[in-house]
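This report refers to the structure that appears directly beneath it.
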Amino acid sequence: MVDMEKSRRALRIFVLFVLFSVGAIFCVEVAVETGKDHTFKSSASGRPETILWKFQKDKVVEIEYGSVRWYRFESRADLDANTGDFTLKQLSKEDNGHYQSEIQVDGKLQYSDHVIKVMDPVTEPTVTCEKSHEGEGFVLRCSLSSQIPGNFTWSGPNGFNSSGQKITVSQHGPNILYFCTVTNEVSSKSTQFDLQKCVEGGGLSGGIIAVIVIVCLIFVGAVLSIVLYKKFRQNKDHQPVSSK
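In terms of the numbering used here, the sequence shown opens at residue 35 and continues consecutively.
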């Protein structure tokens, strides 16, 4: 019984030692735009005695006994010895992943975990217009020139709001504006579209535009053929007649 009581007491002392030796632990998840800088906050409460940052469990940089040692990212990173904050510059998708800090303050270790996702910003969207096949009105379609995914939302007159890449509208006339906005976790871009372009033909569909181009080419070809034929006849008429 005495040995068991000693074991329990030793276990309680060990647990208390661990609790008082290890400080706060917190985790942060964040998305950052490609090419931007990002500062990982250590949340150290006090003056750091030792600092260690890891990326995917491998050491990045550490400060111990006042000496700084870099293992990677030295050419594009900074470490604040006063706060323990770690800044990584010109982020790329290769920097995606898990970062962790271990900072000792007053003899206690404080941990922080960071998961970062580097993403490309969306490009400016383009709006096209075509005649609705279901009756009167027009279909407005919003698209991106890049393969970067995004969320599409629309806004317009009289408090109009909708989501998705396309909408069907019935009103027409001057100064009726619709706005397509594309967003992802790191950026947002918008395009304004005047519905008058649909009426004027500025928003014609690709099929109609192709037909117009073909008709124009045929017309130009016919005109050139007539001009060349007339020139050929004129040259033939002006040829001298040989005497026998």
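Just so it is clear, CB atoms sit at the ideal spot from N, CA and C, and this is done for glycine as well.
Within its chain, find whatever has a CB closer than 8 Å to the CB of residue i; leave out the 5 residues flanking it on each side and keep chain order.
i, result
"ASP114", "PHE120, THR121"
"SER126", "THR68, GLY69, VAL152"
Establish whether the CB of residue i and some CB of chain D are separated by less than 8 Å.
i, result
"GLU98", "The displayed structure is made up of one protein chain only, and chain D is not part of it."
Excluding the five sequence neighbours on either side, which residues of its own chain have a C-beta within less than 6 Å of the C-beta of residue i, listed in chain order?
i, result
"SER239", "Low confidence applies to SER239: its pLDDT is 47, below 50, so where it sits in the model is not reliable, and the reading given next is rough at best. Closer than 6 Å at Cβ, skipping near neighbours: GLU164."
"GLY190", "TYR212"
"GLN230", "PRO208"
"SER224", "PHE213, THR215"
"SER74", "In the sequence on display, residue 74 carries Phe and not Ser. Closer than 6 Å at the Cβ level, and outside the excluded window around PHE74, lie PHE120, TYR133, HIS148."
"TRP87", "VAL94, VAL95, PHE120, SER135"
"VAL62", "HIS148"
Roughly how many angstroms separate the alpha carbons of residue i and residue j, rounded to a whole number?
i, j, result
"ARG46", "THR157", "A caution first: ARG46 carries a pLDDT of 48, below 50, which makes its placement in the model too unreliable to give a value."
"PRO159", "SER135", "40 Å"
"SER179", "GLY193", "28 Å"
"SER221", "GLU67", "8 Å"
"PHE172", "LYS265", "48 Å"
"GLN181", "SER197", "19 Å"
"TYR99", "THR84", "7 Å"
"ALA58", "PRO155", "Low per-residue confidence applies at ALA58: pLDDT is 49, beneath 50, and the placement is therefore not dependable, though the value from the model is reported in the following sentence. Those two C-alpha atoms are separated by around 34 Å."
"GLY141", "GLY80", "11 Å"
"HIS167", "LEU258", "38 Å"
Compare the C-alpha of residue i against each of the options and name the closest.
i, options, result
"GLU170", "PRO191, CYS232, HIS132", "CYS232"
"ASP147", "VAL254, ASP140, SER77", "SER77"
"GLU108", "VAL94, GLY118, ASN116, THR117", "VAL94"
"THR117", "PRO155, VAL139, GLY198, ILE210", "VAL139"
"PRO82", "GLN144, LYS91, PRO155", "GLN144"
"PHE89", "ILE210, LEU258, ALA111", "ALA111"
Is the beta carbon of residue i less than 8 Å from the beta carbon of residue j?
i, j, result
"ILE150", "VAL64", "yes"
"THR187", "THR162", "no"
"ASN218", "GLY184", "yes"
"ARG103", "GLU96", "yes"
"LEU174", "PHE253", "no"
"CYS176", "GLN205", "no"
I'd like to confirm the pairing. Which residues does DSSP put opposite residue i in its beta bridges?
i, result
"GLN134", "LYS88, ASP147"
"THR68", "The partner list for THR68 (beta bridge, DSSP) is empty, contrary to what the question assumes."
"THR73", "THR121"
"GLU170", "Partner(s): none; GLU170 has no beta bridge."
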